[in-house]
């Protein structure tokens, strides 16, 4: 303990405190911890914080059902970069093209990590696959593998087969739509089957019939995962609630449905092993089997990782493609004059010419219309990243923050 020592000088008494060794150690330890904290966070100007945060809830009540639109409106007042409190989490919102470009593109790998959201960890089983994995040598190896597979579909026989599959599925969708003879019907499930079938042809090299029972069950499982990923979003900002079983029912639904999808995928992997030919790569699974024949491939790619990558493509890839196609159909129906111009441009192409992405250069108006549909209704208006180290963005310093 610190012992008081009294010194008398004239009529004035002064009291000095003489620290003992134990106290000195505690003081020094505290100073060291403070210095480590400060040196781990950049000093300087931080993005403005939105005012009027609610206790516990933060700014969630003021965002409404369309947080992306609310952030755009707030950006007009608080700028392109600001901080918001979402439940128990503080986030830095990047709210313009320039802010996103400065961070995600010009900022290099500093912005490549993913937030430790509960839904992300749940779906990826702690970071497996690539969609919700942090940047690392293993992540880059997996991403490189996927890009190589997509490049494989960009040319040669694989590209021709993909074009044929897309054309076949498009004809099925048109034929089915005509069968309703102009009567109203819900096109969503049919579009989902179409896009998922094309993705499955790239992953497993096979198109499924609409009445395929296994395929139908997987579609239901995928739909349940998507819906429950949305429902479990509240646990991303209030993660402590996941420990209450009555609240985390969506989390259990995700795990149950994902387990069934993984079983479907693993069965397809084993079927491929039995028919694998290293000289003929049919799809993603074949590319994986070929890659793992080398010691370098085996070090990062496993059956479990492949299964997670396949599930990611089936869930996220299908959602993106299906939503975009549904919005495209709706917008064409609401704007027949645009539909007519697109059709007029397509009619110039020889009907006997197979459908191919290579025709894009001959269809500038159709291409521009497609891009405008994606701009008008982006599939993911809000996405999350996390900085892997202290960074400076524009005139602001941003620590290890979650970014939106």
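Numbering (the working numbering), first residue to last: 773 to 1176. Backbone N, C-alpha and C fix where the C-beta goes; we use that ideal spot for every residue, glycine too.
message: Tell me the residue span of the beta strand (DSSP E) that contains residue 863.
response: 861-866
task: Just confirm the distance between the C-beta atoms of residue 1079 and residue 1114, as a whole number of angstroms; I'd bet it's less than 8 Å.
output: Between residue 1114 and residue 1079 the Cβ distance is about 39 Å, and since that is not below 8 Å, they are no contact.
message: Helix, strand or coil for residue 882? Go by DSSP, reduced to three states.
response: helix
message: Measuring only the C-alpha atoms, how far is residue 908 from residue 1121?
response: 46 Å
- prompt: From this set, 1125, 997, 976, 961, which residue's C-alpha is nearest residue 983's C-alpha?
  reply: 961
- prompt: Can you tell me whether DSSP reads residue 804 as helix, strand or coil?
  reply: Low per-residue confidence applies at residue 804: pLDDT is 47, beneath 50, and the placement is therefore not dependable, though the value from the model is reported in the following sentence. Helix at residue 804.
- prompt: Leaving out five residues before and five after residue 1111 in sequence, what residues of the same chain have Cβ atoms less than 8 Å from its Cβ?
  reply: 1104, 1105
message: Considering only the alpha carbon of each residue, which of 892, 840, 1043 lies closest to residue 976?
response: 1043
field: Which of helix, strand or coil DSSP assigns to residue 821
entry: strand
query: Sorted by chain position, which residues of the same chain lie with C-beta nearer than 7 Å to residue 1094's C-beta, five sequence neighbours on each side aside?
result: 963, 964, 967
query: If we ignore side chains and look at the alpha-carbon of each, how far apart do residue 830 and residue 866 end up?
result: 18 Å
- prompt: Measuring CA to CA, which of 1153, 1055, 1051 is closest to residue 1092?
  reply: 1153
message: Let me make sure I understand the geometry here. Which of 900, 1149, 1118, 1084 has the alpha-carbon closest to that of residue 1033?
response: 1084
- prompt: In the DSSP assignment, what are the bridge partners of residue 1088?
  reply: Residue 1088 is not bridged to any residue.
task: Leaving aside the five residues before and after residue 934 along the sequence, list all residues of the same chain whose C-beta is less than 6 Å from its C-beta, in chain order.
output: 925
- prompt: Straight-line CA distance for residue 1064 to residue 1022?
  reply: 35 Å
- prompt: Apart from the five residues on each side of it in sequence, which residues of its chain come closer than 7 Å, Cβ to Cβ, to residue 839?
  reply: 1154
query: From which residue to which residue does the beta strand (DSSP E) around residue 1012 run?
result: Here residue 1012 belongs to no beta strand (DSSP E), and DSSP marks it neither H nor E.
field: residue 1018 - containing beta strand (DSSP E), residue span
entry: Careful: residue 1018 lies outside any beta strand (DSSP E) and carries neither H nor E.
- prompt: Which two residues bound the contiguous alpha helix (DSSP H) that contains residue 913?
  reply: 909-924
- prompt: Roughly how many angstroms separate the alpha carbons of residue 1166 and residue 871, rounded to a whole number?
  reply: 8 Å
- prompt: Helix, strand or coil: how does DSSP classify residue 847 here?
  reply: helix
message: Using the three-state DSSP reduction, which class does residue 1146 fall into: helix, strand or coil?
response: helix
field: Contacting residues, own chain, Cβ-Cβ under 7 Å from residue 850 (five flanking each side not counted)
entry: 820, 822
- request: Please look up how many angstroms separate the CB atoms of residue 1000 and residue 1026, rounded, as I've assumed it's under 8 Å.
  value: 5 Å
query: Per DSSP, what kind of secondary structure is residue 957 in: helix, strand or coil?
result: coil
- request: Give the DSSP-derived three-state secondary structure of residue 900 in the structure shown.
  value: coil
message: Which of the three DSSP states is assigned to residue 1168 in this structure?
response: strand
- prompt: How about residue 918 and residue 938: are their beta carbons less than 8 Å apart?
  reply: no
query: When you compare each of 1061, 1011, 941, 1073 to residue 1097 by their alpha carbons, which one comes out closest?
result: 941
- prompt: Out of 1159, 1019, 911, which has the shortest C-alpha to C-alpha gap to residue 1077?
  reply: 911
- request: Give the range of the alpha helix (DSSP H) segment to which residue 933 is assigned.
  value: 928-950
message: According to DSSP, simplified to helix, strand and coil, what is residue 1155?
response: coil
message: Quick check: the Cα distance between residue 833 and residue 936, rounded to an integer number of angstroms?
response: 49 Å
Contact check, residue 1087 vs residue 1175, beta carbons under 8 Å: no
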